[in-house]
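Peer 1:
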Amino acid sequence: MSTQAKGLEALVKEEGRRGDSTRVVAITSGKGGVGKSTLAANLAYELSGMGFKVGIMDADIGLANLDVIFNVRAEKNILHVLKGEAGFREIVVPIEPNLWLIPGESGDEILKFSDATIVSRFLDEAQALENLDFLLIDTGAGIGESIQMFLRAADEVVVVTVPDPAAITDAYAMIKVISKSRDHVYLVVNQVKNAREGEKIFETIERVARSNIDSAFKLELLGTVREDAYVARSVKQRALVCKELANIAPAGDIRAVARSLGGKKERKMLDREQSGIGGFFKRLLGGL
Ligand SMILES: Nc1ncnc2c1ncn2[C@@H]1O[C@H](COP(=O)(O)OP(=O)(O)OP(=O)(O)O)[C@@H](O)[C@H]1O
Ligand SMILES: [Mg+2]
Numbered sequence: 017m018s019t020q021a022k023g024l025e026a027l028v029k030e031e032g033r034r035g036d037s038t039r040v041v042a043i044t045s046g047k048g049g050v051g052k053s054t055l056a057a058n059l060a061y062e063l064s065g066m067g068f069k070v071g072i073m074d075a076d077i078g079l080a081n082l083d084v085i086f087n088v089r090a091e092k093n094i095l096h097v098l099k100g101e102a103g104f105r106e107i108v109v110p111i112e113p114n115l116w117l118i119p120g121e122s123g124d125e126i127l128k129f130s131d132a133t134i135v136s137r138f139l140d141e142a143q144a145l146e147n148l149d150f151l152l153i154d155t156g157a158g159i160g161e162s163i164q165m166f167l168r169a170a171d172e173v174v175v176v177t178v179p180d181p182a183a184i185t186d187a188y189a190m191i192k193v194i195s196k197s198r199d200h201v202y203l204v205v206n207q208v209k210n211a212r213e214g215e216k217i218f219e220t221i222e223r224v225a226r227s228n229i230d231s232a233f234k235l236e237l238l239g240t241v242r243e244d245a246y247v248a249r250s251v252k253q254r255a256l257v258c259k260e261l262a263n264i265a266p267a268g269d270i271r272a273v274a275r276s277l278g279g280k281k282e283r284k285m286l287d288r289e290q291s292g293i294g295g296f297f298k299r300l301l302g303g304l
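Remember, my numbering sits 16 above the position in the sequence shown when you count from 1.
Below you can see the structure in the form of structure tokens.
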């Protein structure tokens, strides 16, 4: 059996799962280039190392695509599945024993497909992914509608920012838009000098949120990730930081973010009957 076939067999096997249904976590930002893809890829790697079955999908083609970060070649992507040109199992790329890349497309492209028969076939196909504990989605930056559709469909949202004032302003603008459809958002402050710097930024954003957003809304600091020139270098060398440079500060910080996310109880909206992957894609493609 080929390595890919073996990798896929593990994906469709029920055994080894930790949770009841897949937690779909969207990773987004107000400003671009703040480290979403880097965080998503390394977070996925760390969660898989903790024993979770993890899928990671890109809903945006940004600076560094996930296939570049993982140093794999993705021939087909989710659009081929939506068009009926490939099955899910053909596009999924096994990365690690518990980690699979689901090559994506920009949200605009994905959301063009709303034909009922296409969507229902796609949802049948998507059942191949129901055994995942986590599906991380690397979305684009900004408050554009196609990104918001992913965020509304996800179970949990992580907003990433960096200490630069423009990024903080954009992160807040993003959080304000998201708060119209959900009452909880995680924040990760990337490229900080130390944890305290990240905590202060969180406190500033939280203060503004508290005085301008409904009191039921909760912004929660999921973690801070330190800056290290090796991170950018490792992306250029196609090496995953948490795997190849596991001892540097940002790798340890991302590990802590993974532990924090993995240890939290699933946050589901109460009125959501549809959980897991099927529910996610139904919400997304149904244009909820
Ligand atoms: N903690 C860090 N320390 C140093 N460099 C970092 C860190 N995190 C990310 N970077 C670097 O910042 C750059 C942008 O990161 P990345 O591509 O992950 O951002 P992004 O938010 O996904 O961008 P886009 O909006 O274009 O998709 C990359 O060169 C990456 O290596
Ligand atoms: Mg990116």
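Yeah, the Cβ is synthetic: ideal placement off N, Cα and C, and Gly gets one too.
Quantities reported herein were computed from a predicted structural model and do not represent experimental measurements.
1. Take Val-247 as the anchor and find which of Val-205, Cys-258 and Leu-238 has the nearest alpha-carbon.
2. Quick check for students: name the residue ranges of the beta strand (DSSP E) that lie wholly in the stretch 223-260, counting only runs of 3 or more.
3. Measure the alpha-carbon distance for Ala-56 versus Leu-98 and round it to whole angstroms.
4. What does the alpha-carbon distance come out to for the pair Ser-305 and Arg-242?
5. What ranges does the beta strand (DSSP E) occupy inside the stretch 113-138, keeping only unbroken runs of at least 3 residues that lie completely in it?
6. What does the Cβ neighbour count give for Arg-39, buried or exposed, with the cut at 16 atoms within 10 Å?
7. Let me check you understand the geometry: is the CB of Lys-69 closer than 7 Å to at least one non-hydrogen atom of ligand 2?
8. Shorter than 7 Å, the distance from the beta carbon of Ser-53 to the closest heavy atom of ligand 2, or not?
9. Measure the alpha-carbon distance for Asp-154 versus Leu-59 and round it to whole angstroms.
10. Pull up the distance between the alpha-carbon of Leu-286 and that of Ala-245, whole angstroms please.
11. Could you tell me whether the Cβ atoms of Ile-118 and Ile-134 are closer together than 8 Å?
12. Taking 7 Å as the cut-off, is the beta-carbon of Asp-154 closer than that to any non-hydrogen atom of ligand 2?
13. Please state the DSSP three-state secondary structure of Ser-45.
14. Can you tell which of Glu-236, Ile-194 and Ala-232 has the C-alpha that lies nearest to the C-alpha of Thr-220?
15. Are there 16 or more other CB atoms within 10 angstroms of the CB of Glu-260, so buried, or fewer, so exposed?
16. Under a Cβ-count criterion, where at least 16 other Cβ atoms within 10 Å of its own Cβ denotes burial, should Phe-296 be classed as buried or exposed?
17. Taking only runs that begin and end inside the stretch 154-205, name each unbroken alpha helix (DSSP H) of 4 or more residues, in chain order.
18. Measure the CB-CB distance between Ser-195 and Phe-233 and report whether it falls below 8 Å.
Peer 2: Concretely, from the data shown:
1. On the sequence shown, position 231 is the one that residue 247 refers to. Of Val-205, Cys-258 and Leu-238, the residue nearest in Cα terms is Cys-258.
2. The stretch 223-260 contains, as complete beta strand (DSSP E) runs of 3+ residues, the segments 234-242 (chain order).
3. Numbered from 1 along the sequence shown, position 40 holds the residue referred to as residue 56. Numbered from 1 along the sequence shown, position 82 holds the residue referred to as residue 98. Rounded to whole angstroms, Ala-56 and Leu-98 show a C-alpha spacing of 24 Å.
4. Shown here, the chain extends from 17 to 304; a query on residue 305 therefore has no answer.
5. Counting whole runs of 3 or more residues, the stretch 113-138 contains the beta strand (DSSP E) stretches 115-118.
6. Looking up residue 39 in the sequence shown gives position 23. Its Cβ being crowded by 16 or more others within 10 Å, Arg-39 is buried.
7. One-based indexing of the sequence shown puts residue 69 at position 53. No - ligand 2 has no heavy atom lying nearer than 7 Å to the Cβ of Lys-69.
8. Numbered from its first residue, the sequence shown carries residue 53 at position 37. Because some heavy atom of ligand 2 lies under 7 Å away, the Cβ of Ser-53 counts as near it: yes.
9. As a first step, residue 154 must be located in the sequence shown, where it is residue number 138. As a first step, residue 59 must be located in the sequence shown, where it is residue number 43. C-alpha separation (whole angstroms): 11 Å.
10. For the purposes of this step, residue 286 is taken as residue 270 along the sequence shown, with counting starting at 1. For the purposes of this step, residue 245 is taken as residue 229 along the sequence shown, with counting starting at 1. For Leu-286, the predicted model reports a pLDDT of 43, less than 50, meaning its position is unreliable and no value from the coordinates is stated.
11. The residue labelled residue 118 in the question sits at position 102 within the sequence shown. The residue labelled residue 134 in the question sits at position 118 within the sequence shown. Cβ atoms of Ile-118 and Ile-134: not closer than 8 Å.
12. Residue 154 sits at position 138 when you count from the first residue of the sequence shown. Answer for Asp-154: yes, Cβ within range of ligand 2.
13. Mapped onto the sequence shown, residue 45 falls at position 29. In the structure shown, Ser-45 adopts extended strand secondary structure according to DSSP, grouped into three states.
14. The sequence position of residue 220 within the sequence shown is 204, counting from 1. Of Glu-236, Ile-194 and Ala-232, the residue nearest in Cα terms is Glu-236.
15. In the sequence shown, residue 260 corresponds to position 244, counting from 1. Glu-260 comes out exposed.
16. One-based indexing of the sequence shown puts residue 296 at position 280. If you draw a 10 Å sphere on the C-beta of Phe-296, you find 16 or more other C-beta atoms in it, and that means buried.
17. Counting only runs of 4 or more, we get 161-169 and 181-194.
18. Within the sequence shown, residue 195 is the residue found at index 179, counting from 1. Within the sequence shown, residue 233 is the residue found at index 217, counting from 1. In this structure, Ser-195 lies near Phe-233, with their beta-carbon atoms less than 8 Å apart.
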